Structures are given as C-alpha cells and as structure tokens.
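Working notes, structure below.
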Amino acid sequence: MITIKIGGSVVDDLHPSTIADIKKITESEGVIIVHGGGKEVTKVCKQLGKEPKFVTSPSGIKSRYTDKETAEIFTMVMSGRINKTIVQMLQKNGINAIGLSGVDARVIEADRKKRLLIINEKGRKQAIDGGYTGKIKNVNSEFIKSLLKQGLTPVISPIAISEESEFLNVDGDRAAAYVAGSVGSDKVLFITNVDGLLMDEKVVAKLTLAEAKEIRPKIGPGMEKKILASTEAL
Numbered sequence: 000m001i002t003i004k005i006g007g008s009v010v011d012d013l014h015p016s017t018i019a020d021i022k023k024i025t026e027s028e029g030v031i032i033v034h035g036g037g038k039e040v041t042k043v044c045k046q047l048g049k050e051p052k053f054v055t056s057p058s059g060i061k062s063r064y065t066d067k068e069t070a071e072i073f074t075m076v077m078s079g080r081i082n083k084t085i086v087q088m089l090q091k092n093g094i095n096a097i098g099l100s101g102v103d104a105r106v107i108e109a110d111r112k113k114r115l116l117i118i119n120e121k122g123r124k125q126a127i128d129g130g131y132t133g134k135i136k137n138v139n140s141e142f143i144k145s146l147l148k149q150g151l152t153p154v155i156s157p158i159a160i161s162e163e164s165e166f167l168n169v170d171g172d173r174a175a176a177y178v179a180g181s182v183g184s185d186k187v188l189f190i191t192n193v194d195g196l197l198m199d200e201k202v203v204a205k206l207t208l209a210e211a212k213e214i215r216p217k218i219g220p221g222m223e224k225k226i227l228a229s230t231e232a233l
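Residue numbers (numbering that gives the first Met the number 0): 0 to 233.
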C-alpha cells in the first residue's frame, strides 16, 4: 500500500507519465492520494476580496492563518475544484478514484488549536487566537481500507473535522503522513515542483530517521514540513 501526496503547485501540471505510474501501482496494490492546493486557495481568496494572512512560528515555519471565512473558502476550493480535478484526471486515465475530504466519514479528525504562538511584526513572540486550524488526532483508517478493498482509489483533501463538527484547515503533508501511518502504508511519496531535499546544492537520496530529525531545523520551511511529515509517518 502506498500513500501519495500531490502538492498543490503541481495539481494542474501533472505529467502524463506520473498518472501512468499511479495507474500501474493501483494494478498491484492500494493507493491513497492526499493533495494540497494552498496556491489556488490564495488566488481565490484574492478574487473574493479576502486578503490571505500568513504567520510565522518561533521555529520559522510560515503558515496560513485561517479565520472562519478563510476556512470556508479553503473547504470550497480544496474539496471542490482541486479534489474533483484530480479525481476527473484519474478517472479519465482508467483509475477508479473517489474524492473525499477529511470531513466525510470523519476520515480526518483534529483538535482546533486554541492559541497560536507566532513572531509578530516587531520580531517578538505573541500568542494569538488559533482560528480554524487543526492538529490531527485521528484517521478513520477502517473506512479508507474499506474503499481500497472495493478497488477504489481515495483522493483526500486536507480538511479535517473537529469534535464540534467544524471545518479545520490541516497541513497537507502532515495529513498524508497521518493517513499513511494509520493505514500502514509501506511508502509515502511526495510529488512536488522541486527535485527533492537539497544539501550543499545536491539532492539527498536517503536519510535515516535520526538524520532527518537532526537536519529538519536547518532547512527551508517548505521542505521542513515534508521532512517532519515523513518522520511522523514512521
């Protein structure tokens, strides 16, 4: 079983060979797809007159601040246009895909973050309201496995549901990691618009768990999240 994370930056530009590779894998084992789409969410927010807001954590990780209106836009774009575009693409190529959000069948449950610790404009630490961002606590692995047994390929958008049944924005890379860990995937693949992790301008082919934990704080925020997600999947 393999879990594949498709980055939002490559959703509209997936190479035909990538789709062919996914189809080949589905012929021999189960495939679960989790996707991103932050770039498209930002575009739609601006079209609707909602200026996106980003915050930076004390460790230097930049992330979207999700208030209620942004959460609604996020849900619309992620679980609507992006999710169905991927499903349509897979179906067109003979892959029996089914689109879901983490809300459906409570596939991804998360706790709503009450407070966020950020670095403000003055460079100081500041605690702000957590908005509608979630920390994943559970994945409905049995439901996902039941879809795989029916020969379906789940395509999951990273919109989680809270205990109070609220829409919550969760990081796509970490959602893929939690899904992979919960269902017992043998591998997690990240499809992105970069060649991979670069160290001294060279692509790193392999890391041990200890090495990944050691270098994580030293790399850029985009790849840092993927390294974190990879360690969480183990």
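Cβ atoms here follow ideal geometry from the backbone N, Cα and C, with glycine treated the same way.
Here the structure is a predicted model, which is why all the values come from computation and not from measurement.
Original post:
So, do the segment 53-60 and the segment 177-184 have three or more beta carbon pairs nearer to each other than 8 Å?
Top reply: Because the criterion of three Cβ pairs below 8 Å is not met, the segment 53-60 and the segment 177-184 do not touch.
**OP:** With glycine 93 as the anchor, note down where its alpha helix (DSSP H) starts and where it stops.
**Re:** Under the DSSP assignment, glycine 93 falls outside any alpha helix (DSSP H); it carries neither an H nor an E label.
Original post:
In the structure shown, what three-state DSSP assignment does asparagine 263 receive?
Top reply: Lying outside 0 to 233, the shown extent of the chain, residue 263 is not represented and no answer is given.
Original post:
Hey, out of Ser62, Leu196, Glu163 and Lys144, whose CA is closest to serine 181's CA?
Top reply: Closest by alpha carbon: Lys144.
Original post:
From this set, Leu47, Ser27, Met77 and Ile158, which residue's C-alpha is nearest valine 10's C-alpha?
Top reply: For valine 10, the nearest C-alpha among the options comes from Met77.
**OP:** Please work out which residues of its chain come closer than 7 Å, Cβ to Cβ, to glutamate 28, disregarding the five sequence neighbours upstream and downstream, and give them in chain order.
**Re:** Non-local beta-carbon contacts of glutamate 28 in its own chain, meaning distances under 7 Å to residues more than five positions away in sequence, involve Met0 and Ile1 in chain order.
**OP:** Assess, as a yes-or-no matter, whether the segment 35-42 is touched by the segment 126-137 under the definition of 3 or more beta carbon pairs within less than 8 Å.
**Re:** No, because fewer than three Cβ pairs between the segment 126-137 and the segment 35-42 fall closer than 8 Å, the two stretches do not touch.
Subject >> Close-in-space but distant-in-sequence residues of the same chain around lysine 186 (CB under 7 Å, 5 per side omitted) >> reply: Counting only Cβ-Cβ distances below 7 Å, and skipping sequence neighbours, we find Ile1.
Subject >> Closest Cα partner of isoleucine 118 within the set Lys91, Phe53, Arg105 and Gln149 >> reply: Of Lys91, Phe53, Arg105 and Gln149, the smallest CA-CA separation from isoleucine 118 is found for Phe53.
**OP:** Please classify threonine 152: does DSSP put it in a helix, a strand, or coil?
**Re:** Strand.
**OP:** Taking valine 136 as the reference, give the member of Cys44, Leu167 and Leu147 with the closest Cα.
**Re:** It should be pointed out that residue 136 corresponds to lysine in this sequence rather than to valine. The shortest Cα separation from lysine 136 among Cys44, Leu167 and Leu147 belongs to Leu167.
Original post:
Looking only at its own chain, which residues have a Cβ that is under 8 Å from the Cβ of glutamate 68, when we skip the five neighbours before and after it?
Top reply: Cβ neighbours of glutamate 68 within its own chain (closer than 8 Å, five residues either side excluded): Lys49.
**OP:** Can you have a look at serine 164 and say buried or exposed, based on whether 16 or more other CB atoms are within 10 angstroms of its CB?
**Re:** Exposed.
Original post:
With distances taken between CB atoms, is the gap from valine 267 to valine 138 smaller than 8 Å?
Top reply: No answer is possible for residue 267: the residues shown for the chain start at 0 and end at 233.
Original post:
Name the DSSP beta bridge partners of lysine 45, please?
Top reply: Per DSSP, none; premise fails for lysine 45.
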